[in-house]
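A quick write-up on the structure given underneath.
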Amino acid sequence: MSDLLSGMSQAFWMLLTLDADLVEITLRSLRVTLTALVIASVVALPLGALLAVRRFRARRLTIAMLNALMGLPPVVVGLVVYVFLSRSGPLGVMGLLFTPTAMVIAQVIIIVPLIASIAHQALRELWSDYHDLLISLNTTQFQRVQALIWDGRRALLTAALAGFGRAIGEVGAIMVVGGNIDHHTRVLTTAIALETGKGDFALALGLGFVLIFMAIAVNLAIHVIGRTEREGRW
Amino acid sequence: MVSNLFPVVLSGATLRRGQKALIGPVDLTLQADGVTVVIGPNGAGKTSFLRMLHGIARLGAGSITWSCDPLEARQKQAFVFQHPVMMRRSVLGNLIYPLRLAKMARPKARALAIKAAQDIGLGDALDRPAPFLSGGERQKLALARALITKPDLLFLDEPCASLDGRATREIEEILTRAATAGTRLIMSTHDMGQARRLATETLFLLNGNIHEYGPASTFFERPKTAQACAFLKGDIVE
Amino acid sequence: MKRVLCGLFASVLLSGVAVADEMRMAVTTSFHNSGLADILLPQIKADTGIDVQLLVVGTGQAIKLGEAGDVDAILVHSKKAEQKFLKGGFGTHRREIMYNDFVFIGPKSDSAKLADANSAAAALKAIADTQSPFVSRGDDSGTHKKELSLWASADVTPDGDWYKAVGAGMGAALNTAAGMNAYIMSDRASWLNFGNKGDLALVYSGDPVLFNQYAFLPVNPDVHPHVRADLAAKLEAWLVSDTAKDLINAYKINGETLFVFNAE
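Chains as they are written, first to last, in the numbering used here: chain A, 908 to 1141; chain B, 2 to 239; chain C, 326 to 589.
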């Protein structure tokens, strides 16, 4: 209990004084995760729409794979990415291991199935609404995907935010591929793991609170940008 | 202006669900003029027939041959569904969409869409989200959206079901205007009054087959078959 | 918004490109937990211009990183594993830098009476005889290997409910021990810097067998041509310098000296 209280006061204090290390780590967390989120959304949203619109042969298999991959422990993803990016691995020459780029790659792999799966669920409903109209209008596959993504953007925002939540709070994979190097690949979650390891629960909790604040702030910011609250839900 | 879609010839056209034939086999030739009203008891296959003709339900057997290239034929048709599909966009967005599909430049599409919205009395509601419109407004919007590309042929599936008298009259006015302007209409309806008001020819469907087809005046005054007679009298027809 | 995101994307990609005078060194958790790194790294940067990026891992993984060429040098404390590493041709040589020592931590009540033991082996035997709970790292780290060799010298096979191999780093293992009020072997630095001591206390230390030699091993550039052998050599020269000696010997936590510089 005393840890909790001192954690909260420590978080408050660090935020109030804009602790330089904290700011650096937080910005890095944001940068890595937002980059991963943009890349993952570019891949996953059209994929989700395509799965809703198109009846291709491998569709069932793709959906089953996405659902299975959603449950994949991040640390396994981290390990696979690690093996690929290691100097002795197939992509070793790129020298990406223990860089923020490696962390972005791992996070993209972790959240693409999640975003695609939620997007598919949401767009499947929209597609059953639009099916007759869009077929009657003689649209191409591409135009259907376009219409679904545009008109389903609010639901897709939710999918993207779920991806953001999973990526920003992820520790197993980015610890393995990023290495938690101070001033280089240390982010909020790996810093929390580090402080927990040192038995400094108050600081770890403080960082945890910062993580929560930040996640809430990003959610609100995206909602404001998307104006979802003002225009109501449809 | 006579469309190059017609005559359209259906030969042995059949629609199936599983083993069961929903429609047909139908042999029919439709000419370029008039308003065809498809009537028949519930479950006779009116909706399926329209969808088959429009090409959004896949033929199980037989053929439907338009007088022009099939792709061109599709582009010259539009369909208004019984439950209008409102895209989750503004009124304006819904009207612009088919024009943009036809690759019309945005400013021009916008101008046309505003005009179309004003024509159906939604000039003040351009930015309202379409899914929030009332039933009558939605049906009018769906109709305007279907007509905005100036199709040669417009299908309507029970366009006035569940609408009040005023909305029904507005819709019928739009339809009459479109028909006068040369749009070929093929519509189904439950409302015999509406059928009498609009039809130049009637197509009486029973159990997925065309039971009677001919000029509306003949059909309403001297139906040839006992079933049509009974249907017009308001009896239950099986 | 889009431009901001593009900028973010580009900056992340760019930051993946290695900048001159950055090198990576894998170090053990115990070294990092001591806090000595925070003293040494800024001075290294000031004296040599090298930005040393630390990967804090167990000895097992540190060696693996060196073998794969993912780091430029390793600083570890497990002589056997180091020699195997050299034999495999993965490192150029081994340079001893300093040592610290391992200590036994246990409940303040000290039910197994470790305080009375006269050697590390006797202490472990006392734990086994009383079946007092004991937390082992169980992660193939240098500390874990050391612990296993001590059990062997005490002629005890640690087995049974009282022996908990947690498969975790030093900090996590200490957290577990604090939670269970169990005995554990830790390096002195990790223990002194540990914040969640609970009811635990240092109960035994001092046997010379518990001394823990740290050695620096540069990764062999013949095997991995991309490693920064030049920076590793510069770093090694600094680590054995008088500056390093003074800093290491002077480093204290709660008034206790942690490391003894012994490079030749």
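Where is the CB? At the ideal position from N, CA and C, for every residue including glycine. All of these numbers come straight from a predicted model, not from anything done at the bench.
As assigned by DSSP and simplified to three states, the class of Leu-542/C: strand
Through-space distance from Ala-1009/A to Asp-512/C, alpha-carbon basis: 32 Å
Partner residues on chain B for Asp-928/A, Cβ-Cβ distance less than 9 Å: Chain B residues near Asp-928/A: none, gap ~45 Å exceeds 9 Å.
Neighbour list for Gly-394/C in chain A, Cβ cutoff strictly below 9 Å: Ser-993, Arg-994, Ser-995, Gly-999
Chain-ordered neighbours of Gln-76/B on chain A, where CB pairs are closer than 9 Å: Asn-1045
Reference Ile-452/C; option with closest CA among Gly-492/C, Thr-417/C, Ser-478/C, Tyr-508/C: Tyr-508/C
Residues of the segment 116 to 138 of chain B with Cβ closer than 7 Å to any Cβ of chain F, in chain order: Among the chains of the structure shown, chain F does not appear; the protein chains present are A, B and C.
Anticipated Cβ contact below 8 Å, Asn-518/C with Ile-578/C, distance rounded: 6 Å
Within-8 Å CB hit, Leu-1068/A to chain B: no
Whole-number beta carbon distance between Ile-40/B and Phe-205/B, since they are thought to touch under 8 Å: 6 Å
Contact with chain C by Asn-1126/A, beta-carbon distance below 8 Å: no
Nearest-angstrom beta carbon gap, Asn-358/C and Met-288/C [assumed within contact, 8 Å]: Since the first residue of chain C shown is 326 and the last is 589, residue 288/C is not available in this structure.
Met-105/B in three-state terms, based on DSSP: coil
Alpha helix (DSSP H) runs wholly inside the segment 942 to 1024 of chain A, at least 4 long, in chain order: 966 to 977, 981 to 992
Paired residues, beta bridge with Ala-62/B - DSSP: Thr-15/B
Candidates Thr-582/C, Leu-560/C, Gly-504/C, Glu-581/C, of which the one nearest Leu-400/C by Cα: Leu-560/C
Cβ-Cβ distance between Ala-1144/A and Val-949/A below 8 Å: No answer is possible for residue 1144/A: it lies beyond the span of chain A, which begins at 908 and ends at 1141.
Beta-carbon gap between Val-983/A and Val-939/A smaller than 8 Å: no
Counted within 10 angstroms of its Cβ, other Cβ atoms place Arg-962/A as buried (16 or more) or exposed: exposed
Beta-carbon proximity check, Glu-421/C vs Ala-557/C, cutoff 8 Å: no
Beta-carbon spacing of Leu-134/B, Ser-68/B below 8 Å: no
Contact with chain A by Ile-57/B, beta-carbon distance below 8 Å: yes
Residue of Ile-1056/A, Ala-1122/A, Thr-1097/A, Gly-1072/A minimising C-alpha distance to Leu-957/A: Ile-1056/A
Sufficient close CB pairs (3 or more, under 8 Å) joining the segment 1030 to 1046 of chain A to the segment 84 to 93 of chain B: yes
CB contact below 8 Å: Ile-1025/A versus chain B: no
Length of the line joining the Cα atoms of Gly-580/C and Thr-354/C: 22 Å
Other residues of its chain near His-1090/A: CB distance less than 8 Å, five sequence neighbours each side excluded: Glu-931
With 16 other Cβ atoms within 10 Å as the buried cut-off, status of Pro-8/B: exposed
Residue range of the unbroken beta strand (DSSP E) whose run includes Pro-216/B: 210 to 216
Within-8 Å CB hit, Phe-519/C to chain A: yes
Beta carbon proximity, Asn-574/C to chain A, threshold 8 Å: no
Where Gly-1072/A falls: helix, strand or coil (DSSP): helix
Reduced DSSP secondary structure (H/G/I, E/B, other) of Thr-468/C: helix
Straight-line gap, Asp-28/B to Leu-51/B (C-alpha atoms, nearest Å): 14 Å
Proximity of Val-81/B and Leu-127/B at Cβ, strictly below 8 Å: no
Distance cut-off 7 Å: Gly-136/B Cβ against heavy atoms of the ligand NAD: Among the components of this structure there are no ligands whatsoever, and the ligand NAD is therefore not found.
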